[in-house]
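Structure first, commentary second.
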Ligand code: GAR
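Following this line, the structure appears as structure tokens:
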């Protein structure tokens, strides 16, 4: 029987790209439902670009500073994604806000990983926010992207304890381990069609909800 076509994924980064690397590694498995066909960055100096290129993945650097407006940058990126035949966009440490028009044109086809248990601690400095709030649990979230920042329907979350003596750095490191586990799992579910967006609700099929131990872990 012919294998089903894999979902064609672009990963967008701004820096280090460790989440990108975890997605690339997962997608190397022959039975993974997505293939990484493009890595693009809004910063040409993003270290993740070289890592992807070394693995033979096409890369693009679109320096946002070279565009006159947010819309102009988003239009150029949109063209790159369309030209590459992208089905699904994964934001992985992409630290730039999109215009609403761009987000709407990728509605239900763009996901992000955020380093907090949303809806808590949106935006930046999430670990500092968590420490200031005194929460005992913190974590990461994979969600669909909507125009409002960090507000999209939640696909998967992983939680970690906040330990006495933690600072932002120790907390970030503990959460990053979970990000690298969670994002490949979440992408697999979306790419396989086991998770989809129905209006503003995430729909699960194929018994995914019954296996939520894999999606919410301490
Ligand atoms: C990750 O912790 C990711 O969750 C976060 O940036 C880091 C990127 O690291 N993303 C955001 O804060 C998005 N708002 P990486 O480049 O090594 O994947």
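Numbering (my numbering), first residue to last: 1 to 218. All residues carry an ideal CB built from backbone N, CA and C; glycine is no exception.
Among residues of its own chain, excluding the 5 on either side of residue i, which ones have a beta-carbon nearer than 7 Å to its beta-carbon?
i	result
residue 278	Outside the modelled stretch of the chain, which goes from 1 to 218, sits residue 278, for which no answer is possible.
residue 105	78
residue 55	24
Per the DSSP calculation, residue i is bridged to which residue(s)?
i	result
residue 143	112 and 154
residue 171	According to DSSP, which records beta bridges pairwise, residue 171 is partnered with nothing at all.
residue 73	Paired residue(s): none; residue 73 is not in a bridge.
residue 20	None; residue 20 has no bridge partner.
Does the Cβ of residue i lie closer than 7 Å to at least one heavy atom of the ligand GAR?
i	result
residue 42	no
residue 90	no
residue 95	yes
residue 20	yes
residue 154	no
residue 139	no
Spatial neighbours of residue i within its chain, please: CB distance less than 6 Å, with the 5 preceding and 5 following residues excluded, ordered by chain position.
i	result
residue 59	39, 49, 52 and 53
residue 126	115 and 116
residue 191	7, 33 and 34
residue 180	22
Would you please state the rounded distance, in angstroms, between the beta carbons of residue i and residue j? I believe it to be under 8 Å.
i	j	result
residue 71	residue 99	5 Å
residue 90	residue 111	6 Å
residue 228	residue 103	With the chain represented from 1 up to 218, any question about residue 228 goes unanswered, as that position is not in the structure.
residue 64	residue 96	6 Å
Ignore the nearest five residues each way along the sequence and tell me which others in residue i's own chain have a CB closer than 8 Å to its CB.
i	result
residue 62	40, 41, 42, 73, 76, 77 and 80
residue 37	8, 9, 10, 57, 58, 84, 85 and 86
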